[in-house]
Each structure stands twice: as structure tokens, then as C-alpha cells.
Amino acid sequence: MFDGGKIITGLIIFLIIITFPVWYNAVNGQAGERPEIEIATKDTPGKNECVLPADVMRTDHMDLVMQWRDEVVRHDDRTFKTENGREFTKSLTHTCLDCHSNKDAFCDQCHNYVGVDPYCWDCHIVPQDFEKGVK
Amino acid sequence: MAEDKYKQEDLLKIEYCPPRKDWMDSKIDFEAKKGNWCYSAVPAAMEYLDLNTEMGKWQPHDKDWPLPDNWKEIIFEGLHDRLKKFRTLQIFMDICVRCGACADKCHFFIGSGDPKNMPVVRAELLRSVYRKEYTTAGKLLGKMVGARELTVDVLKEWFYYFFQCTECRRCSVFCPYGIDTAEITIIVRELLDLVGMNIDWITTPASNCFRTGNHLGIQPHGVLDSLEFAQEELEDITGLKIDLPVNRKGAEILFIAPSADYFANPHYFTLLGYLALFHEIGLDYTWSTFASEGGNFGLFHSHDMIKRLNAKMYMEADRLGVKWILGGECGHMWRVIHQYMHTMNGERQNGLEEPVSPITGTKFENAKATKMVHIAEFTADLIKNNKIKLDPSRNDHIIPTYHDSCNPARAMGLIEEPRYIINAVSNNFHEMPENTIREQTFCCGSGAGLGTDENMEMRLRGGLPRANAVKYVNEKHGVNQLLCMCAIDKATLPPLLEYWVPGVEVAGIHELVGNALIMEGAKERTVDLREEPMLGFDEESEKVSAATGEDTENV
Amino acid sequence: MKVGISLVVIVLLTAIALVGAGVGLNFVFGVIIPYAAIAIFLIGVVYRVLKWAKAPVPFRIPTTSGQQKSLDWIKNDNLESPHNTLGVIGRMLLEVLFFRSLFRNTKTELKDNSKLVYGSSKWLWAGGMAFHWSFLIIFLRHFKYFVQPTPKWVMLLQDVDSFFQIGLPIVYITDFLILAALTFLFLRRVMDSRLRYMSLLNDYFPLLLIIGIATTGVLMRYFIKVDIISIKELGTGLLSFHPILPEGVNPLFYLHFFYVCTLIAYFPFSKLMHMGGVFLSPTRNLANNNRAKRHINPWNPEVKVHTYQEYEEEFHDVMKAAGLPLDKE
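Chains as they are written, first to last, in the working numbering: chain A, 434 to 568; chain B, 686 to 1240; chain C, 10 to 338.
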């Protein structure tokens, strides 16, 4: 006995599942679209340079934010000094979001793109939302 | 005797840690390994079966094996053919991940510690040749990826190790992919057969069976004689002269038992059990001298040989005009009947009807196509329906345990029926430890055609796990009888137990049924079917039990 | 020796990937090799399965591991000795999803040189389960690098996988399970003398390769962070057939990716095909209803049999003398 029908059905199911990304991309047509992020305050004087170089921030910002949290909460160490001597308050909402006041167009763009769901906002309120009266 | 030749201390020096050395280059020293292999087949038997006799007379310990010149070609042609015919072979060659789960499940590995008895490595013996022939990596990288050339030494290794597998399928229960070493063993034995390598203990019974209808080569009048002898013996014990229908046309049922049941001890007492039972229920049945063998040594030889020997069951049923077939206590016989017979010889099945018990009216729906019922199913149904009267106290001198034979357990799932019967005919039943029974049961160590005397060391080793479990219940519960439903068990377990667990005897289930069966018009019984006194049934034993009180129950 | 050679092969692969990424062969490692690997995988798997399918299953040979269906009043174990399709499906699901047979595993020991004892031994099962399930979940989680938008079920899966909310990036349970399981499986192979005896290059190589994949993956997530935006650009580009080669991706990614490509290209030629084979194993995927339903062997051969007529002819005289009935007087 061959059970050819069953085997071919199984193979087809396997191929459909394994090629899911291909047809999912074809249906949605959004593949290859790199997220456009707006660095809101780029041209504002005094706010045109981040605390660390951009390519470091791109990959390691989560570590920095985490480090700040621990230093502030555990050691009351609130000042961050950059390599070129500038000083910043270690604060997500007051420092980061002060410049990048557009969470939707900045943070969320990439986070959504790669399916990252940071739990920063479980506790922190986005100041701009607060001002707009959005809870 | 085995005791003189092999010391228990020596056999029990088992090393389960294999050497660091690679396994691929070793050679088998047959001279040094005497006691671990079987003699080759005699040409006459091979000739009768039209097998390749080119090798003539030879023995495994001969320095040079008289292989045909084109032996390699023959093997590869055979392998190629079988890869096309058996999906099992392809899958089992391709997907083993060598996880090692099977390693310590084989009774031969447990008893010998020989690392090539780990089922995975046994299969690798073939797989290595397969890789070299059929995979690119194997051709290019050779031994590194487990591929090797087929040489005479490899062939000798096949002969040695594939006649050290009893096709019991215990490893297959534990394999995450269900790789069945029995299937691989059968196929490698077929390849060996193609070049003319067979063992005598398989080929001679097979040729006997082909000619006379039974493995022992007993001619029709001999079969009749033996049955008549049993008839007389039963008369001595019960005082009843039972009917003995042989080759009778028009009977409702054809009964086929392994031929050892009427020629060998202790099988013979099981035969007395059958006869008593069939008489008591008034079964309309017949024996056959042509289909006088339930067993099928073809299973140990090749798929074709299974078919050739099995054909006579349906042919004889058809000739005698019976409605269905009842089969006796046997192990590999039932692997064939359950898993091969109908596929192979279904065309020869004419005019049989769906089996219905004439006594209880029960339809055996599980056998509606093959039309052959196992006697344990038949008897369990009789007992359940109260159609026979049993006095289990007649077996009080027996403290039994039950050995699931490999094939009924792992090829049929016939597990509860025998236990139901045993509990109905005995008050003292004790199970062996759970990892040694049911689907995890251990082989007797002598199945698949390996039950020869020259193979005694390997048999004692392979039977060690079974014997050890018997010893456990012997010491714990005083078990003095090992019940089983397999003719090979009944032939090979007695010497095994005599060696490892002296004092425990071997019996069939229907022997105990025969003991317990209350037969109408029979004289008062004082002895069992072995003509040994039953506890509490003759004056002497009554005195003993009165004197020692309850203790006798637990002796 | 075989472990050594496997390691050398892995080191070679590593060198190829790192040098390749270093000298800017991004197009080769980011486009050509992945497409080739995927093609080999798909064609290879289909070819292998069809090759198996072309050979028939001549006999129905389930390994029964429980009570058959026989008399009404005896309970049939339909999962271990299935008598119908439903039972077979159940048995196969247990086997494929939970490694039922491996769960039975025991360890045999000879105590005091005379007593055989069989202890329960679930480590292999646990290691196997941890490895395979982690691998599957990690595989599915990675879909997010190949499709846009990220499907909800992938988000859900990673939420569940990061249930403990330890560290940042949050630790995935499966990342550490798979490393632990792989370490166990590897150590088992090199340290257990029986496993070492039976193991081949074919066993060490895929194991080490997967260890390489898991290690580089873990490195990138937790220690040497890479630009996953660009990586996703590459991934989605590939699987929408508009390959893009983003700039500045860490060579570590190319190493990880090259390992994966090697694995999938190696897959159809290796024991890894047990993924498909497990479904086709006739000792597991057939019902134990042999005597109720005939199984057909398409090549059922004609064989020479010995007929009753030949038998009676040979033994006519003795049968007559014994008074046995004869067809021909």
C-alpha cells in the first residue's frame, strides 16, 4: 500500500506552512519597506546631538535606558556625562522624549516593525500624550 | 549440560561500556566465539526448498567461506530490489538519529554487553553498506560518515549479528521512530540467503514443514499416532475417551497448533489441555496432518518462505470445508497469522466465514477478515460466558507467573486475554516486574531460529533478562511455574531456567486450563495433566497440607 | 576524532562566513547562499519524501504497545494499539508532539553482578523535548524577521516565551532551554561510552551546527547587539523576492545566517529527515486491525507452494495404513 494521497497532502501542508512568509508578504505587500523614522528635534539648537552616537543608540539604547533606571533608582545617580562633556539628566521621559517628542513616529516605528513590545510604557506616561490630555 | 560448560560467574561478567575503538574494522573470530552462532544449513534442505546451494557444505568457523564469485553483485541486486519493495527499509536506513534509546533494550546486549548487539549498531551494520552504495557523502567521505565497503568480513559480521537477533521487536517499542530491527533482520537474512548462507536450525524445519506439513518432519501417520497417544493419556487421567477428529471434512473449525505441541515436552501437556477443553465443550472441529504446523520458520528465513509455508493453512481449510480456523498457543505463528497471512495468502481463502464461537455465539469481529482466532481469545470468551466449569484450586500446587511472548505482545497486543484465563484457573498468579512484561516483555533469547544447542552461550546470555525477572518472582512469591503461549518458549525456556533459576518449570496456559477444567463424567482427579499430585486432591498431599498449615500455600 | 572533524568543519564554516562578510561579499552571503539553501531544502525534502512514497508498505506491521481490540469486554488501548484511524492519529500525535516512545525509556543496570534492574530514565526524553520544542518556538518567532507586518501570533508567542520578564532585552525561555538541551545532548554523545561508540560525523556535525546557530543568536540578542531593522529589511526582502542588502550589518549576523543556510541545505541529505520520516514509519502509523481488514501488498509474489495433492501422493500408503481419510483412494 502506498498511501500516496495522504503523503502528498502532508507534503503540500508542509510546503504551505514552510512558505508562509512568502505568501504572507505577497498578500500584504509591505515587505522591504524600511520604517521611516522622524527624529523630531534634529534641527533644534542644542538638541541636535544624542547622548551617544546614533549607530550605538540604534542597537544598544535599551541597555542604556535600563542602566539609567538602575543608577537613578538604586544609587540616586541622576547625571549622565557624554564623551564630549555634556551633561544630561538620566530620564526616559524628560531627556529622551524631550528631544524625541514624537513617540509614534520615532520609537514605535522601529519597535512595531520588528515586533518589539517594550514594557517602558507599562509604567511611564508619554509626556506629550499627557499634555494632550490623553491618559 | 549448560551448567558444566558455562559458569554463571563468567557469563555475568558483563561490560556495558564499549571500547573507544571504532566498530567498523573488526573481524569475527568464529572459532573463539563458539557457542554464539549456529551451524550452516545442510544442502539437502536448501535444495528441497529450491534455495541457492552454491556454497555447498561449509561452516562459519571455516577460514574461507565458499562464496559464489558474484556474491557482491547478488547482495546489491537484492538490496536494491528490497529498497524498492519496502518503504520500511528506506525509512529505517535514512532516519535513525542514533539517540541510543534502543541500546540497552536488547536482551542480547543486556546479556552479552557486545556493543554490536545494541539494535542501533546492528542496523548500522547494514546502514554502513547502504551509505557507501547509495549516498554521495558515503561515497566521498567513507568511514567518517559511517559508510563502508561491503567485504567478506562485513558479510561474516552480518551472518554473526543478524543471527543474533530474535526479531522480538522490543527495541522498536522504545524507538522514537518505531525503527523495527526485526524488519531489518528479516531483510538481511534474505540477502544472506541469496548468496546461499542459511542456518540449519531454520532451513531444515522449513523444508520439513514444506514437505510433511510440520517442522519436525513427522509424517501423517506419526502425527496421528502422537495425537492418539495423547487421547489415551487423557483417558488415563480423566477416565474419558475423547473424540479425535483428524483430517475430517465438513468440521466447523480447523484447529492448528504448533507441531511441538504434539511431540515435545512440556508442550504436550498443553495439547492435553486443548483436547480436554474441546471435548468438554463438544467442539465440532478437526486436526490436520497436512496443516500440522502453526509455527512458521519461514519468518526467520524470508518473506517468500513465510508465504510458502503459510499457504497450507488456507488451502487445507478450503479442502476440508471448515468455516474458520482456530490457532493454538504459539508466538511467531501469530506474528505471521496476524500481520502477514491474509496479505500474503488471502487469495487462497475460499469459503471461510466470519468466525463465531459455536458455544457462546460471540462474533470474533477482530478476526472477521483473516478468519482465524487465537485460542486465548476463544477460551477467554468461554470463561466470560460461563460455558466451562473451572476449579482453580486444582492448580494450587502451581504458583505461576506469565511470560508474554514477543509476538503476541508486540505484534498483536494479545495481552489481557491470557491473564484473564490465568486468573480464572489459578489462585496464585504473580506478575513479573513491569519493565519485563506486556509490551516490554523480554524474549526467551532463542527465538527466530536460534534455539540450537551450538548457540547455547548466546541463548543463556540472551535469556538472562527473562530468567532474571523469573528469579525475582521466584524469590519473592515462590513462583514455581512460568506460563507462556509460545512453542519456542516452551522448548527453550526449560533449559534456560534450569540454568539460571532451577526449580521453575515451564507450562502452557491451556495446560492449567486442562488441570482446572471440570469435565462431565470424568473420574475424580488426583493428579494434574503431568500426572503430578495436586495439592489437596489426594490423600498424601492432604496430610501434608494439614500438617504444615497455610505455609504450603506459599512454598 | 569524529567530534574533532565536526569542529574543524564548523570552524571552517565560521571562517568562510566571517571572511566573506569582512571582505564585503554580502551579496553572496545575504542573497545567493540563502536562496540556494532554501531551494535545496525544498526540492530535497520533497524529493526524499516522494522517494520514500514510491516504495510501498507491503505489510501492516504496527508494533503494538498495548491491548488489541478483540472481545467487547476487554478494554482496547486505542492509543498504543490503535484499531482505527482515530487511534492511529492519536498515537502519531503523541509520538510526534510528545515523543511517547522515548518517554518509555529505561536504563538497564546489572546490580551485584546478578540482578538486572530497569530504572526509569527520562533525561533523554526531557532533553529531546526541550530541544525540539524550543527549536520550533524559536523558528516560529523568527518569522517576524521575514514578514511585514509582524503577525499577531508571533507577538503572542514571544510574549509567552518572555513570560518571566527577566533582563533587557527580555530573556526568552527557549533561548536558554535550547542551549541547555543542546549542551546535554552533546555531552551525552561524547561522554557516554555507548553513545560515543555509535555516533558518527553525521551526528556530531548537525548538533554542533545547531549549537553554533543558537550561540550566535543568543550573542546577538543579549551581548553583541546588531541592527535588527536592517536585518529584517534583508529578511523580508529575500522572502518577497526583492533582495535588499542593508549597509553596516554586524558580521556576526552573517555568521548566524550562514550557519542556518548550511543547516537547511544539509537537512534533506541527513538524519534530520526524521522530521518527515517519523510520519511514515509503518510500525507506528498503521492500525492494528490486521485480522479485521486485509492489507494489500502490491507486489505480492507468486511462490512455489506444496499442495495437499502432492502431499497425499507422497504419503498415500502410510496414510491409508493409518486409516486417515484420503482424497484419492
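Glycine included, each C-beta is placed from N, C-alpha and C at the ideal position.
According to DSSP, simplified to helix, strand and coil, what is residue i?
i	result
residue 988 of chain B	helix
residue 709 of chain B	coil
residue 514 of chain A	strand
residue 563 of chain A	helix
residue 970 of chain B	strand
residue 880 of chain B	helix
residue 1058 of chain B	strand
residue 857 of chain B	helix
residue 16 of chain C	helix
residue 1048 of chain B	strand
residue 556 of chain A	coil
residue 663 of chain B	This structure leaves residue 663 of chain B out entirely; chain B is present only between 686 and 1240.
residue 1242 of chain B	No answer is possible for residue 1242 of chain B: the residues shown for chain B start at 686 and end at 1240.
residue 1166 of chain B	strand
residue 521 of chain A	strand
residue 1236 of chain B	Because residue 1236 of chain B sits at a pLDDT of 44, beneath the cut-off of 50, its placement in the model cannot be relied upon, and the point is left open.
On the premise that residue j lies in contact with residue i, defined as a C-beta separation below 8 Å, what is that separation, rounded to the nearest angstrom?
i	j	result
residue 795 of chain B	residue 125 of chain C	7 Å
residue 1019 of chain B	residue 1097 of chain B	6 Å
residue 97 of chain C	residue 296 of chain C	5 Å
residue 1134 of chain B	residue 948 of chain B	18 Å between Cβ atoms; not a contact.
residue 895 of chain B	residue 1025 of chain B	Not a contact, Cβ separation roughly 17 Å.
residue 1191 of chain B	residue 1169 of chain B	7 Å
residue 962 of chain B	residue 1064 of chain B	7 Å
residue 248 of chain C	residue 455 of chain A	5 Å
residue 901 of chain B	residue 1005 of chain B	Incorrect: roughly 22 Å between the Cβ atoms, too far for contact.
residue 122 of chain C	residue 697 of chain B	5 Å
residue 1089 of chain B	residue 1100 of chain B	7 Å
residue 882 of chain B	residue 844 of chain B	6 Å
residue 312 of chain C	residue 706 of chain B	Their Cβ separation, rounded to whole angstroms, is 44 Å, which puts residue 312 of chain C and residue 706 of chain B out of contact at 8 Å.
residue 884 of chain B	residue 729 of chain B	Residue 884 of chain B to residue 729 of chain B, Cβ: 15 Å. No contact.
residue 931 of chain B	residue 972 of chain B	5 Å
residue 891 of chain B	residue 994 of chain B	6 Å
Are there any heavy atoms of the ligand FMN lying less than 8 Å away from the beta-carbon of residue i, as far as the coordinates show?
i	result
residue 453 of chain A	As far as ligands go, the structure on display features none, and thus does not contain the ligand FMN.
Q) At which residue ranges does the segment 57-145 of chain C contain complete beta strand (DSSP E) runs of 3 or more residues, listed in the order of the chain? A) The segment 57-145 of chain C contains these whole beta strand (DSSP E) runs: 115-120 and 124-129.
Q: Pull out every residue of the segment 514-548 of chain A whose Cβ sits closer than 7 Å to any Cβ of chain C, in chain order.
A: Those would be 543, 546, 547 and 548, in chain order.
(Q) If the cut-off is 9 Å on Cβ atoms, which residues from the segment 847-870 of chain B count as contacting chain C, listed in chain order? (A) Result list: 854, 857, 858, 859, 860, 861, 862, 863, 864, 865, 867 and 868.
Q | Cβ pair count under 8 Å reaching 3, the segment 59-79 of chain C against the segment 1019-1030 of chain B | A | At 8 Å Cβ cutoff, the stretches touch.
Q.
I'd like the ranges of any beta strand (DSSP E) spanning at least 3 consecutive residues and lying wholly in the segment 1078-1138 of chain B.
A. Entirely contained in the segment 1078-1138 of chain B, the beta strand (DSSP E) runs reaching 3 residues are, in chain order, 1085-1088.
Q: With 8 Å as the C-beta to C-beta threshold (strictly closer), list the residues of the segment 149-170 of chain C near chain B in chain order.
A: For the segment 149-170 of chain C, there are no residues whose beta carbon sits under 8 Å from a beta carbon of chain B.
Q: Run through the segment 186-213 of chain C for me and flag every whole alpha helix (DSSP H) of 4 or more residues, listed as ranges in chain order.
A: If you keep only unbroken alpha helix (DSSP H) runs of at least 4 residues inside the segment 186-213 of chain C, you get 202-207.
Q. Relative to chain B, which residues along the segment 278-297 of chain C have a C-beta separation below 7 Å, given in chain order?
A. The segment 278-297 of chain C vs chain B, Cβ under 7 Å: 278, 280, 282, 283, 286, 287, 289, 290, 291, 292, 293 and 297.
Q) Which residues, taken in chain order from the segment 920-939 of chain B, show a beta carbon closer than 8 Å to some beta carbon of chain C? A) Along the segment 920-939 of chain B, going in chain order, the ones with a CB nearer than 8 Å to a CB of chain C are 931, 932, 933 and 934.
Q | Proximal residues, the segment 1131-1155 of chain B versus chain C, C-beta separation under 9 Å | A | If the cut-off is 9 Å between Cβ atoms, the segment 1131-1155 of chain B has 1149, 1150, 1153 and 1154 near chain C.
Q: For the segment 880-952 of chain B, list the beta strand (DSSP E) runs that are entirely contained and at least 3 residues long, ordered along the chain.
A: The segment 880-952 of chain B contains these whole beta strand (DSSP E) runs: 938-941.
Q) Pairing CB atoms from the segment 213-229 of chain C with CB atoms from the segment 253-263 of chain C, are three or more of them under 8 Å? A) Yes: at least three Cβ pairs fall under 8 Å.
(Q) Beta carbons nearer than 7 Å to chain C: which residues of the segment 1013-1026 of chain B have them? (A) Listed by position, the residues of the segment 1013-1026 of chain B near chain C (Cβ gap below 7 Å) are 1023, 1024 and 1025.
Q. Along the segment 701-714 of chain B, what residues have a CB closer than 9 Å to any CB found in chain C?
A. Using a CB distance below 9 Å, the part of the segment 701-714 of chain B facing chain C consists of 701, 702, 703, 704, 705, 706, 707 and 708, ordered along the chain.
Q) Should the segment 863-874 of chain B be regarded as contacting the segment 961-968 of chain B, the criterion being three or more beta carbon pairs within less than 8 Å? A) With a cut-off of 8 Å, the segment 961-968 of chain B and the segment 863-874 of chain B do not count as touching, because too few Cβ pairs lie within range.
(Q) Under 8 Å, with one C-beta from each stretch per pair, do the segment 101-119 of chain C and the segment 301-320 of chain C reach the 3-pair mark? (A) With fewer than three CB-CB distances shorter than 8 Å, the segment 101-119 of chain C does not count as touching the segment 301-320 of chain C.
Q. When the Cβ atoms of the segment 40-49 of chain C are set against those of the segment 262-277 of chain C, are three or more pairs found closer than 8 Å?
A. Remark: three or more beta-carbon pairs, one from each stretch, lie closer than 8 Å, so the segment 40-49 of chain C and the segment 262-277 of chain C are flagged as touching.
(Q) Taking beta-carbon pairs under 7 Å, can you tell me which members of the segment 222-244 of chain C lie near chain A? (A) Those would be 234, 235, 236, 237, 238, 241 and 242, in chain order.
Q. Of the residues that make up the segment 876-908 of chain B, which ones have a beta carbon closer than 7 Å to any beta carbon in chain C?
A. Of all residues in the segment 876-908 of chain B, 895, 896, 898, 904, 905 and 906 have a Cβ within less than 7 Å of some Cβ in chain C.
(Q) Using a Cβ-Cβ cutoff of 7 Å, what residues of the segment 1172-1193 of chain B are near chain C? List them in chain order. (A) Flagged: no residues at all.
Q. When you check each C-beta in the segment 958-981 of chain B against every C-beta of chain C, which residues fall closer than 8 Å?
A. When CB distances to chain C are screened at a threshold of 8 Å, the residues of the segment 958-981 of chain B falling below it are 974 and 975, in chain order.
Q | Three-pair Cβ contact test at 8 Å for the segment 133-148 of chain C versus the segment 174-185 of chain C | A | Enough Cβ pairs lie closer than 8 Å, so yes.
Q | Contacting positions in the segment 731-765 of chain B - beta carbon closer than 7 Å to chain C | A | Residues passing the 7 Å Cβ filter: 735.
Q.
My parser needs the alpha helix (DSSP H) runs of 4 or more residues fully inside the segment 1001-1042 of chain B; what are they?
A. If we require 4 residues or more, the alpha helix (DSSP H) runs fully inside the segment 1001-1042 of chain B come out as 1017-1020 and 1027-1030.
Q | Length-filtered (3 minimum) beta strand (DSSP E) runs lying within the segment 247-274 of chain C | A | If we require 3 residues or more, the segment 247-274 of chain C turns out to have no beta strand (DSSP E) run fully inside it.
**Q.** At least three beta-carbon pairs within less than 8 Å, the segment 886-894 of chain B to the segment 1145-1165 of chain B
**A.** Judged by Cβ distances under 8 Å, the segment 886-894 of chain B makes no contact with the segment 1145-1165 of chain B, as fewer than three pairs qualify.
Q. Any residues in the segment 57-83 of chain C with a beta carbon nearer than 7 Å to a beta carbon of chain A? Which ones, in chain order?
A. Answer set for the segment 57-83 of chain C: 58, 62, 65 and 66.
Q. How about the segment 1182-1202 of chain B and the segment 1159-1173 of chain B: do they share at least three Cβ pairs that are nearer than 8 Å?
A. With a cut-off of 8 Å on Cβ pairs, the segment 1182-1202 of chain B is in contact with the segment 1159-1173 of chain B, counting three or more such pairs.
Q. Counting pairs of beta carbons, one from the segment 99-109 of chain C and one from the segment 277-288 of chain C, are three or more of them closer than 8 Å?
A. Yes, the segment 99-109 of chain C touches the segment 277-288 of chain C.
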